[in-house]
Each structure stands twice: as C-alpha cells, then as structure tokens.
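Using my numbering, the first residue of the sequence shown is number -14, and each one after it goes up by one. Backbone N, C-alpha and C fix where the C-beta goes; we use that ideal spot for every residue, glycine too. Data first, discussion second: the structure below is written as structure tokens.
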Amino acid sequence: MSIIQFFDALIPSLCVLCRSAIRGRKPLCTVCEKSLPWNVMACTRCAMPLPVAARACATCLQMPPSFARAFCAFRYEEPVADLLNRYKHGGQLANGYWLARSFAQQVRLHYQTETMALPDCVLPVPLHWRRLQQRGFDQGREIACVLARQLCLPLSTALQRQRNTTSQQGLSRVQRHSNLRGAFVLRKPLPYRRVALVDDVLTTGSTATEITRVLQAAGVAEVHVWALARTP
C-alpha cells in the first residue's frame, strides 16, 4: 500500500455533492456519479440533447453549423452545472479534472462507435488575459490539457482572444455573434487539418462559429467542437 492509499483509507474523502464518505481520490460517490446527466441522445452536429435517438436536430437539418460536428459528455443540468460552477468560480480544480477525465473516456468511445479517427489536435477556447488574471486559471485550457494527455493528441495554444468581450449571458443569438466578431486570432500557423475546439460549456454555438470562421480562413478543413456540457 502506498502512502497516498494509506491516508485515503485513514481519512476518507467526502463527496462534494452529498458529503458522504468515499474511498479514493475522486470528488463524487458512486450514487452521485450515477446521477450525472449524460448527454446520451444528442444531435451529432450541435450536440443538442434530443428526446429520441436521431443523427441531427431540426435546426441543424435546416441550417447546419459551420463546424463539422459537436460532442458534449453531459447536459448542463444539476449536478454537473454545480460542479462546473465550483470549478470555474470556486477554485475547486479537482472537479474540473475529474469531469475532463470522464469526458475523455466518452470522447474515445464516441469516435470508436462512429468509426471515426480523432482530430489531429486539441485547441482550447482561450480566455482574455484580463479575465485570466482575475480567475487565476484558464478553465478551457485545463480541460484541453487533460483531453490531450488522455487521448494522446497534441495540444495547440495558437488561438488567442485579442479582445476582452463582454459576458455572453443574457445576449440574444444575434448579439452574441456581434459581440464575438473579431475577438479571436491565430498567433501562428496551425499545421493541422482537423481540429478539436475545446470549451467547458456549449450554449448557442456563437463562440464555436466565430472561431471556426477564423480557423477555416487559416486553412483548417474540419472543426470538431468538444465541450463538457451542453445547455438544452
């Protein structure tokens, strides 16, 4: 038994949701882990949760997004919403790392099921330096680092947010697109044709759409959007 295993047995951790004692170095007990809202039935283009199994939602059938496909492990519901909030705003990094590792397992399984090769690299949606200074860490980059390591993919940090945009919360779809126009730029050439764009939450897809525009202008052929959670 290692020293870490000895102390885990001696002083058990507490589940961050129900506060019951758990063994091992993970934030959730088995019961709470099983209660997570996995995004099992979803549109393959935008990852929108669907009531029945289907390849695409009605919106994507009529007006498909510019990115090739999207995959999100969870629906943005409790308790995932609470875990992400604690991760982003409460500094509970262990929550984010555990969710990211679970996400990596689901990504691998999804691409195997779809008989598709993984993208060529992982590219996080970056924070502006001012927001990074306020928060102390970049949640998208931390998630992307875990995915890159777990999936054995290169991590690129070529994307830069050159303008500190206002919060997207409460904005309409049109306002979101306008708010993000020109916010992102590639600092250097990206030598990959298929890119996985990584963020924590996928909402309207405005950020992914704007970054896809930038990447396609630089010669990227396919953009796959990966996010931990998808808002319904």
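Residue i, buried or exposed, once every other Cβ within 10 Å from all chains shown has been counted against 16
i	result
Gln131	Looking at the sequence provided, one finds Val at residue 131 rather than Gln. Classification of Val131: buried, given that the 10 Å Cβ count is 16 or more.
Gly125	buried
Met101	exposed
Thr98	exposed
Gly215	The identity of residue 215 in the sequence shown is Arg, whereas the question assumes Gly. Counting Cβ neighbours within 10 Å, Arg215 comes out buried, since at least 16 surround it.
Glu63	exposed
Cys14	buried
Ser87	buried
Asn24	buried
Leu84	buried
Host alpha helix (DSSP H) of residue i (start-end)
i	result
Leu94	Leu78 to Thr98
Thr15	Thr15 to Lys19
Contact check, residue i vs residue j, beta carbons under 7 Å
i	j	result
Phe52	Val210	yes
Ala94	Ser141	For clarity, residue 94 is Leu in the given sequence; the question names Ala instead. For Leu94 and Ser141, no; Cβs fall outside 7 Å.
Ala206	Leu136	no
Thr150	Ala129	no
Pro104	Ala181	yes
Arg60	Arg30	no
Pro22	Asn80	no
Pro36	Ala27	no
Cys57	Leu165	no
Nearest neighbour of residue i, chosen from the options [CA to CA]
i	options	result
Tyr177	Asp184, Arg166, Gly204 and Thr192	Gly204
Arg10	Cys0, Ala55, Arg115 and Pro104	Cys0
Arg148	Gln77, Pro12, Leu112 and Arg71	Leu112
Gln160	Leu78, Gln119, Glu195 and Leu175	Glu195
Opening and closing residue of the beta strand (DSSP E) in which residue i lies
i	result
Cys106	Cys106 to Pro109
Arg8	Arg8 -> no beta strand (DSSP E), and no H or E assigned at all.
Those runs of the alpha helix (DSSP H) which lie wholly inside the region 125 to 211 and span at least 4 residues: 158 to 165 and 191 to 202
What are the start and end residues of each continuous alpha helix (DSSP H) run of 4 or more residues lying completely inside the region 41 to 79, in chain order? 43 to 47 and 65 to 74
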